[in-house]
Structure formats: C-alpha cells, structure tokens
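604 is the number of the first residue of the sequence shown in this note's numbering; add one for each residue after it.
Okay, so here's the structure we're looking at.
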Amino acid sequence: MRSLVLKDFNLLQNSRLYLMGLLYTFFIVFDRGNANSLFETSTFFLVFITYIFVNYLNSYDYTYKGDRFVNALPVSRKEVVESRYMSVIILVGGFFCLAYGLRSLLYLFGYPYANGIVDLIQLSVVILAVGFYYGIMLPLYFKFGFERLRWINFLSFVVVSVLASVLSVVLGELPTVSGIWTLLLSLGGAASVLALSVTLAVKVYEGRDF
C-alpha cells in the first residue's frame, strides 16, 4: 500500500498541483474573513483544499486509465482502496499542520488579525465534514467511477461545505460547548464513518467489472 500512496503524491508533485496548494494555504492563513472563529478563516476554505487534491487524483485515474493500470499490478483491490483513503488522511493532516503552523507564527509575531492559533470548534467541524464527505463519496467513486459522479461529487462538496460553515458559526455562538470534547467527538465520529466507508468501498470495488 505504501507504494500506491507514494504514487498519488508523485502525481501531485509532477503536476505541480502542490504549488497551488501552498499558495492556497498562504491565502487562507492571511484571510481576514470573519467566520465567527478565533482562526477567522472561512470553514469553506478549509474544506475546499481537500477537494482540489483528491478530485485531481480521481480525475487522473479516469483520464489516463490509471485505475486499470493499477489493477494490472500485483496488488489487491483492497490495497488500492485503502491507499486512496490513506492519501486523503495524509493530505488533510498535512494541510492542517501546515496551515495552523503558519498561523501560529503569525500569532506569535503579532499579526493583528490572528486572534488565536487554532479554533477547536471550527477544526472539529472541518474534521467531521471531511470525514462524512469522503466516507460517503469514496465508496460511490469506487463503485461508479469518476465520470458518472462528477457533478454529484461537486454538488455534494458544496452542500457539505455550506453545512459545515453554518454549523461552525452556530457552535461558536454557544458558550457552553467545550472545544476539547467537541474535537474528541468529531475525531471519533469521523474515524468511525471512514472505517465503515473503507469496508464498504473494498466490497464494492472487489465486485466491480472493468
């Protein structure tokens, strides 16, 4: 599975898409849009970066028959599915570390719009949104392929992002909500959804006829 994950990241590197990701990260780090959070960055922006990378990987497989090529290699379909989920987790985790790491530097150096390093409520909502979005869409992708889900994928992303933004604002206005407990619950919820999603995706992909 490790080689399959490296393949995903090599694709992103060769396409120079990672440069766009870096520029995007710098953009949201300096963003001053008030989303009712300490981070003062729109929740939509935090979810969107994951869509850019994962959608590129899926579209590449469709355009260049990458999925058929991988299935010709001595790897199981279970490994193929698990590697894509692992790529998603690494991309999301890496993005959060980079974004919040840069934001912390701004905060320490006195950037006037950095009212804090991390808003636990907003981070919790984003983690939950990403978990549910990919937990639902990846099994559908492995079942039907990229082309048949292109517009459904985009519309689902917009709906999830908007709902996440609304939920972030609502929870941010509730003084009794605990950031730590919300983060732990969101991590548990996202992990549970993704675990069930992997099992389902493996089952449907193993039965798919190319």
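Just so you know, even glycine gets a beta-carbon here, dropped at the ideal spot from N, CA and C.
Given that a residue counts as buried once 16 or more other Cβ atoms are within 10 Å of its Cβ, and exposed if not, what is residue i?
i: Ser768; result: buried
i: Arg751; result: exposed
i: Glu809; result: exposed
i: Gly636; result: Its pLDDT being 49, under 50, Gly636 is placed unreliably by the model, and the measurement read from it follows with that caveat. Exposed, since its Cβ has fewer than 16 Cβ neighbours within 10 Å.
i: Val776; result: The amino acid occupying residue 776 in the given sequence is Glu; Val does not appear at that position. Classification for Glu776: exposed.
i: Thr591; result: Not covered by the structure: residue 591. The range shown for the chain is 604 to 813.
i: Leu723; result: buried
i: Tyr667; result: exposed
i: Phe747; result: exposed
i: Asn756; result: buried
Going by the beta-carbon positions, is the gap between residue i and residue j smaller than 8 angstroms?
i: Tyr744; j: Val691; result: no
i: Val721; j: Val695; result: no
i: Ser771; j: Val728; result: yes
i: Gly624; j: Phe651; result: no
i: Leu705; j: Val761; result: no
i: Gly792; j: Leu731; result: yes
i: Val683; j: Leu797; result: no
i: Val763; j: Glu685; result: no
i: Leu701; j: Thr628; result: yes
i: Leu660; j: Asp611; result: yes
i: Trp665; j: Phe735; result: Trp is not the amino acid found at residue 665; the sequence shown has Tyr there. No, Cβ-Cβ distance for Tyr665 and Phe735 is not below 8 angstroms.
Could you pull the start and end residues of the alpha helix (DSSP H) that residue i belongs to?
i: Glu776; result: That residue, Glu776, is in no alpha helix (DSSP H); it is neither H nor E in DSSP.
i: Ile749; result: Checking the sequence, you will find Phe at residue 749 rather than Ile. Unbroken run through Phe749: none, as it is neither H nor E.
i: Arg811; result: Run containing Arg811: none; DSSP gives neither H nor E here.
i: Val721; result: Here Val721 belongs to no alpha helix (DSSP H), and DSSP marks it neither H nor E.
i: Ser690; result: Arg680 to Leu711
Whole-angstrom Cβ separation of residue i and residue j, contact assumed at under 8 angstroms?
i: Leu741; j: Arg687; result: 7 angstroms
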